[in-house]
Amino acid sequence: MARTAEERRAAVVEAALGRLGLDAKTRLLAGQDRWSLPALPEIGLASLVMSDGPIGVRGVRWTADDPSVALPSPTALAATWDPGLAHRAGVLLAQEARRKGVHVLLAPTVNLHRSPLGGRHFEAYSEDPYLTGRVGAGYVTGVQSGGVGTTVKHFVANDAETDRFTVDNLVGERALRELYLAPFEAIVAAARPWGVMTAYNKVNGTTMTEHRRLVQEVLRGEWGFDGINVSDWSAARSTAAALLGGLDIAMPGPRTVYGPALARAVRDGEVEEAAVDEAVRRVLLLAARVGVLEGAEPVVPEPPGPVDAEALAREIARRSFVLVRNEGGTLPLKPGTVALIGAAARDARILGGGSATVFPERIVSPLDGLTAALPDGTLSYAVGADPNTELATAGADFALRAVCRDADGTVVGTRNAPDGHIQWTGADLPEGVTHDTLHTIDLTGTFTPRVTGRHTFGTRGVGAFTLTVDGTTHYDGVQPPRENDPFGAFFGGPVPRAKADLTAGVPVEVSSPGSCTAPPTGPCR
């Protein structure tokens with residue numbers, strides 16, 4: 108009897124696994140950098156690349172010169188109540204992933220809107236586990252129909268950001284099953300995802316990257332999940348306990364709790380090599396499914412036909428809108444003048460940030476769009492009470508250049524940033540720069556103000572640095588990393604450091620030399 112494609116892939120996986128020694132196997136379970144697993148040419152395995160996120164595929168570079176499609180938020184997608192539309196969104200994102208050389212999309216986020224204070228609700232679908240599961244399943248089937256893997260996240264009960272690295276969420280069994288686990292269970296049953304991502308938090312006393320009961324017994328044992336389990340970034344705290352708890356991949360690299368540490372644990376008798384083999388088998392199966400394991404037939408040999416990204420984004424946005432009853436004939440607005448009030452009209456809030464960040468090719472704010480659409484003199488705008496508490500990045504008015512030096516002061520790499528924003532996350536360091544050689548970064552740029560008046564300058568990052576504006580040094584100090592969240596220093600707007608009175612159209616020099624003391628696996632911004 109002829110074997111199925113899945114059986115043929117499994118046979119290739121077993122043959123490849125049998126040719127690997129312990130050190131190679133444990134190396135495969137650890138990120139080689141921030142976004143990828145190492146290639147193993149001896150078995151025909153290419154590097155497997157992962158990327159955020161839920162509304163677009165950023166790729167391995169956190170930069171505006173590699174733009175991405177940005178879809179409406181997952182909450183808007185869920186508001187359409189249409190799993191088929193979610194499937195089409197997934198097909199589009201698979202197209203984007205293939206274009207950027209990405210094999211696994213770190214999405215969807217299926218945590219629940221349990222409180223209005225949840226810091227990442229913009230990444231998740233809804234407060235309802237049934238709706239979340241249906242829409243999430245559509246998304247997963249769409250992405251994987253394009254031959255790209257998914258990691259359903261964050262497993263489980265990671266429904267708030269406060270103290271996410273340390274919080275212990277105490278959840279009763281019924282609530283756990285009927286609410287928090289329900290979307291994951293529905294997606295595993297309906298969509299057969301190729302991956303899940305375990306969260307930072309604890310559940311009932313055990314951190315999720317070591318939670319044998321929920322991962323090995325429930326997810327794999329009860330539900331039959333056969334994909335990989337990757338840690339959220341820097342969530343893995345242990346070696347033996349994580350492996351025994353069902354964690355297959357510890358991200359990011361190059362320094363993780365797996366790799367050489369896992370090989371030592373096997374040799375010291377802390378874990379059996381058979382447990383390593385199980386994890387490697389799942390990683391190789393993922394590689395086979397996405398087409399980076401030689402000799403294995405990928406699930407999708409040829410990419411599907413192209414999708415019109417702009418048309419689909421418009422359709423999702425249009426169908427997510429909620430109409431109200433037009434009592435009293437308020438609509439349509441009478442012709443004449445239109446007043447537009449509020450910072451939300453001026454600032455195009457197209458995404459929430461963090462892991463959902465992508466860089467669209469163009470952004471149109473409500474103010475810009477209405478200004479272009481209405482006759483001259485029709486629109487009046489006032490910001491009113493500005494709710495923004497953080498500084499915005501300077502944008503196109505700030506031509507920035509980064510010069511990277513080693514410990515001896517030798518220049519090892521440079522990069523220009525015409526949009527005034529630089530953020531490196533490991534794999535996208537400038538050519539010639541590595542984690543081990545990078546010691547200081549000198550940021551210099553020319554800022555041309557658009558208006559006359561007092562301007563505020565700020566920075567965000569960790570380490571020792573100074574800030575000089577137009578020849579005057581305003582800050583010289585050290586910003587330590589946050590103990591409870593190593594990524595907290597890199598998300599959000601700059602911290603105000605200096606004020607300077609400037610004249611419109613008159614350029615000034617701004618510089619901020621400093622040491623790069625981010626954690627070895629952390630970003631540098």
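For our numbering, add 107 to where a residue sits in the sequence shown, where the first one is 1. Every residue, glycine too, gets a C-beta built ideally from N, C-alpha and C. Remember, it's a predicted structure, so these values are computed and weren't measured experimentally.
Quick check on the burial criterion: 16 or more other C-beta atoms within 10 angstroms. Buried or exposed for LYS260? When all chains shown are included, LYS260 counts as buried.
Using only CA atoms, which one of SER233, LEU135, ASP189, ILE294 lies nearest to LEU393? Cα-wise, what sits closest to LEU393 is LEU135.
Check this for me: beta carbons of PHE262 and MET315, under 8 Å apart or not? Taking C-beta atoms as the reference points, PHE262 and MET315 count as a pair closer than 8 Å.
Considering only their Cβ atoms, is the gap separating VAL387 from LEU127 smaller than 8 Å? Yes, they are a contact pair.
Helix, strand or coil: how does DSSP classify PRO215 here? PRO215 falls in the coil class under three-state DSSP.
Just to check my reading of the structure: VAL407 and GLY160 have Cβ atoms closer than 8 Å, yes? What is that Cβ distance to the nearest angstrom? 21 Å between Cβ atoms; not a contact.
If you draw a straight line from the C-alpha of ALA416 to the C-alpha of ALA381, how long is it? Note on geometry: alpha-carbon atoms of ALA416 and ALA381 lie some 45 Å from one another.
Determine the burial state of THR553: buried for a count of at least 16 other Cβ atoms within 10 Å of its Cβ, exposed for fewer. Per the 10 Å Cβ criterion, exposed.
Short of 6 Å in beta carbon distance, which residues of its chain neighbour VAL176, apart from the five on each side in sequence? Order them along the chain. Within the same chain, and ignoring the five residues on either side of VAL176 in sequence, the residues whose Cβ sits closer than 6 Å to its Cβ are GLY163, GLU203, ALA416.
Go ahead and pull the three-state DSSP assignment for THR559. THR559 carries a coil assignment under DSSP once its states are collapsed to helix, strand and coil.
Can you tell which of PHE428, LEU152, LEU481, LEU354 has the C-alpha that lies nearest to the C-alpha of ALA186? ALA186 has its Cα closest to that of PHE428, out of PHE428, LEU152, LEU481, LEU354.
Stretch pair the segment 474 to 490 + the segment 446 to 460: three plus CB contacts closer than 8 Å: Contact annotation: the segment 474 to 490 touches the segment 446 to 460, with at least three C-beta pairs closer than 8 Å.
Selection from THR559, ALA348, ARG508 that minimises the alpha carbon distance to PRO537: Relative to PRO537, the option among THR559, ALA348, ARG508 whose CA is nearest is ARG508.
Taking the alpha helix (DSSP H) that TYR287 falls in, what are its first and last residues? Taken as a continuous stretch (DSSP letters only), TYR287 belongs to no alpha helix (DSSP H), as it is neither H nor E.
Would you mind reading off the limits of the beta strand (DSSP E) that contains GLU616? Annotation for GLU616: the continuous beta strand (DSSP E) segment containing it runs 615 to 622.
Enclosing alpha helix (DSSP H) for LYS207 [first to last residue]: Careful: LYS207 lies outside any alpha helix (DSSP H) and carries neither H nor E.
Contact check, LEU212 vs LEU199, beta carbons under 8 Å: No. Outside cutoff.
With THR216 and ALA231 assumed to form a contact (beta carbons below 8 Å), what rounded beta-carbon distance in angstroms separates them? With a Cβ gap of about 5 Å, THR216 and ALA231 count as contacting.
Outcome for PRO482 when other beta-carbon atoms lying within 10 angstroms are tallied against a minimum of 16: Burial call: exposed.
Roughly how many angstroms lie between the CA atoms of ALA491 and LEU447, to the nearest whole one? Here the sequence assigns Gly to residue 491, which means Ala is not the residue at that position. Answer to the nearest angstrom: the Cα atoms are 10 Å apart.
Let me confirm a value: ASN336 is counted as buried when at least 16 other C-beta atoms fall within 10 Å, else exposed. Which label applies? Buried, because 16 or more other Cβ atoms sit within 10 Å of the Cβ of ASN336.
Proximal residues to ALA117 (C-beta, below 6 Å), its chain only, five neighbours per side dropped: Result list for ALA117: empty, nothing under 6 Å.
Supposed close pair PRO620, GLY565 - CB separation, criterion 8 Å: Not really, about 16 Å apart at Cβ, beyond 8 Å.
Helix, strand or coil: which one does DSSP assign to LEU474? DSSP, read as helix, strand or coil, puts LEU474 in helix.
Here's the rule: buried if 16 or more other CB atoms are within 10 angstroms of the residue's CB, otherwise exposed. What is LYS441? Here LYS441 is exposed. Its C-beta has fewer than 16 other C-beta atoms within 10 Å.
With C-beta atoms as the reference, is ARG320 less than 8 Å away from ASP266? The answer is no: Cβ separation not under 8 Å.
My parser needs the beta strand (DSSP E) runs of 3 or more residues fully inside the segment 306 to 368; what are they? Within the segment 306 to 368, the complete beta strand (DSSP E) runs of at least 3 residues are 335 to 338.
Selected residue, minimal CA-CA separation from CYS511, among ALA137, ALA479, THR551: Measuring from the Cα of CYS511, the nearest candidate turns out to be THR551.
Quick check: the Cα distance between ASP339 and THR273, rounded to an integer number of angstroms? Going from the Cα of ASP339 to the Cα of THR273 covers about 14 Å.
Entirely within the segment 132 to 210 and at least 3 residues each: give me those beta strand (DSSP E) ranges in chain order. For the segment 132 to 210, the continuous beta strand (DSSP E) assignments of 3+ residues that do not extend past its boundaries occur at 155 to 158, in sequence order.
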